[in-house]
Amino acid sequence: MLNKLSLNKINIIALIAGISTLLLIAISVFVPWWQFIIGKPTIAQISFSPVNFNFTLLGTSMATPLIWATNLACFLTLASGGIIMLIYSLKPNKSYSKKLLGFGYKQPVVAVILFVIELIALTIVASSVAGFNVPLQGAGVLQIPQSMTQGSGVNVSVNVIAALEWPFYFAIIVAGLCITTRLYQPKKLTTMEPSGPFVSMNN
Amino acid sequence: MQTLSIVLVLISIGTIVGPMAGAVIIYRDNLSQLVVPPQINSLINGNNNNGNNSNNESNVGSGNFGAGDGGGGFPTTTFVNSQINDEAKTFTVTVNVTNNFNYDLTINSLNATVESSQDHYQLGTISLDSPVIIMSNQTSLVTVSGAWTQEAADHVQNNFAGATSINVDLAYVTIDVNGIIIQQTQPINVGDIPLT
């Protein structure tokens with residue numbers, strides 16, 4: 436009976452969302468959300484997730500401190516969101532719960548939105564500035580613009596493969612769970628808030 | 580409530596500003612290193628571990644790559660031998676290709692048309708026998724096979740009668756290395772090929 440009461444006080448969706456957010460972080464460190472492979476066999480590779488960006492050229496990893504710092508910032512932001520979501524899930528009916536939820540649910544949602552914006556921006560910038568038509572998904576041939584090979588008397592094209600990996604779709608699910616938790620919150624408060632004579636009995 | 584709001588705002592700011600500020604402080608003496616990886620700096624500075632090419636080596640490409648940690652320059656080729664089979668109207672050219680990168684290279688294909696420099700008559704074609712993997716910092720033999728047609732032989736006999744050699748170009752050269760396809764738009768002069 437006590438266990439049942441305790442379970443009722445937990446926001447299950449928020450709990451799943453919080454755990455999923457932390458799980459997503461752990462996965463995203465090792466498995467990219469988006470991968471871009473240049474050459475066949477691979478000569479260069481970009482592995483990109485909000486918490487890990489890796490660019491490898493000819494087997495050499497090229498890392499910049501700024502990107503590393505950005506990844507760490509995303510990692511900490513997502514982690515704080517996940518932890519706060521977990522705290523909220525355990526204490527969904529406290530006066531401060533709404534503030535916790537308001538902070539926690541946004542982090543994965545913002546991460547997914549920013550990631551999509553970055554990918555779209557990447558393709559637009561690559562196309563408009565360098566003239567590369569970078570595919571977001573699937574195989575293709577990337578034609579190096581004539582302006583870049585001008586004077587050398589060669590046309591250069593590269594086989595590329597781009598793929599949105601499963602953690603990206605998992606991130607969308609996590610973001611969906613977070614939004615659901617946020618939408619579910621007012622109902623939960625309404626249904627669980629005691630009223631009338633129960634107020635004095637419970638308190 | 581007020582305290583919680585402040586804490587959440589501080590978390591928001593701290594998680595973003597903290598790592599950024601940390602990186603800036605660490606690299607405050609050389610801020611360009613924040614954005615440009617050291618490997619790229621090596622590329623820009625043109626560090627080349629293996630840029631000494633002897634006279635009988637040709638450097639594929641227009642300049643030294645200076646790949647730093649990624650390698651020591653473009654692959655170099657050295658002629659080994661060639662064989663001609665008059666009856667089959669085929670020939671093979673074998674070259675040694677040295678991969679100066681610290682990365683395995685795969686030559687997937689190589690195709691070209693051999694034509695006379697004088698009248699641009701197509702004498703035959705050449706192609707790579709099979710894909711060749713050249714391990715990093717290793718040298719591999721690459722054999723290119725070619726064939727000419729009876730029409731080409733007749734053309735040479737009719738138009739270059741008495742000549743001991745013919746100057747030829749390689750046209751429509753297409754090479755696929757690790758999926759990077761390079762198409763030569765201008766013919767490459769190979770030089771004189773002996774006819775006897």
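Heads up: the protein sequence lines correspond to chains V and X, in order.
One gets the numbering used here by counting positions in the first sequence from 1 and adding 435 to each.
One gets the numbering used here by counting positions in the second sequence from 1 and adding 579 to each.
Virtual Cβ for every residue (Gly too), placed ideally from N, Cα, C.
Bear in mind the structure is a predicted one, so any value in this text is a computation, not a measurement.
Asked	Found
Is Ala-600 of chain X buried or exposed, if buried means 16 or more other CB atoms sit within 10 Å of its CB?	exposed
Does any CB atom of chain X fall closer than 7 Å to the CB of Leu-536 of chain V?	no
Can you tell me which residues form a DSSP beta bridge with Leu-684 of chain X?	X:Ile-713
Do Thr-616 of chain V and Ala-504 of chain V have their beta-carbon atoms positioned less than 7 Å apart in this structure?	no
Could you spell out the range, first to last residue, of the beta strand (DSSP E) harbouring Ser-706 of chain X?	701-707
Tell me whether Pro-773 of chain X sits in a helix, a strand or coil according to DSSP, three-state version.	strand
Tell whether a beta-carbon distance below 7 Å holds between Asn-675 of chain X and Ser-715 of chain X.	no
Would Leu-583 of chain X count as contacting chain V if we go by Cβ distances under 7 Å?	yes
Would you kindly work out how many angstroms separate the C-alpha atoms of Ala-514 of chain V and Gln-470 of chain V, rounded to a whole number?	23 Å
Got a sec, what are the start and stop residues for the alpha helix (DSSP H) Ser-591 of chain X sits in?	581-605
Rounding to the nearest angstrom, what Cα-Cα distance links Trp-601 of chain V and Ala-452 of chain V in this structure?	17 Å
How would you label Phe-658 of chain X, buried or exposed, when you count the other beta carbons within 10 angstroms and need 16 or more for buried?	exposed
Report buried or exposed for Ala-602 of chain X, applying the criterion of at least 16 other Cβ atoms within 10 angstroms of its Cβ.	buried
For Phe-490 of chain V versus Ile-478 of chain V, is the C-beta spacing smaller than 7 Å?	no
Could you check whether Ala-498 of chain V and Pro-616 of chain X sit closer than 7 Å to each other, using their CB atoms as the reference points?	yes
Can you check which of these residues, V:Val-564, V:Cys-613 and V:Val-576, is closest to Leu-457 of chain V by C-alpha distance?	V:Cys-613
If I follow the unbroken beta strand (DSSP E) through Asn-664 of chain X, where does it start and stop?	655-664
In angstroms, rounded to a whole number, what distance separates the CA positions of Ile-595 of chain X and Val-614 of chain X?	17 Å
Using 7 Å as the threshold, is the C-beta distance between Lys-475 of chain V and Asn-594 of chain V below it?	yes
With a cut-off of 8 Å, do at least 3 Cβ pairs link the region 532-539 of chain V to the region 460-467 of chain V?	no
So, with DSSP's three-state summary, where would you put Ser-587 of chain V?	coil
What residues match up with Met-497 of chain V in a beta bridge as DSSP calls it?	V:Phe-490
Rounding to the nearest angstrom, what Cα-Cα distance links Ser-641 of chain X and Gln-763 of chain X in this structure?	Because the pLDDT of Ser-641 of chain X is 33, which lies under 50, any placement of that residue in the model is unreliable, and the number read from its coordinates should be weighed accordingly. Approximately 13 Å between the Cα atoms of the pair.
Less than 7 Å between the beta carbons of Val-711 of chain X and Ile-686 of chain X, yes or no?	yes
Mind checking Leu-610 of chain X: buried by the 16 CB within 10 Å criterion, or exposed?	exposed
So the alpha helix (DSSP H) Thr-558 of chain V belongs to, where does it begin and stop?	541-560
Nearest CA to the CA of Val-591 of chain V: which residue from V:Met-583, V:Ala-598 and V:Ala-597?	V:Met-583
Pick helix, strand or coil for Phe-739 of chain X, following the three-state DSSP scheme.	coil
Given that a residue counts as buried once 16 or more other Cβ atoms are within 10 Å of its Cβ, and exposed if not, what is Gly-650 of chain X?	Residue placement at Gly-650 of chain X is flagged as unreliable, the pLDDT there being 45, under the threshold of 50; the coordinate-derived value follows with that caveat. Buried: at least 16 other Cβ atoms inside 10 Å.
So who's on the other strand from Ile-579 of chain V, going by DSSP bridges?	According to DSSP, Ile-579 of chain V bridges with nothing at all.
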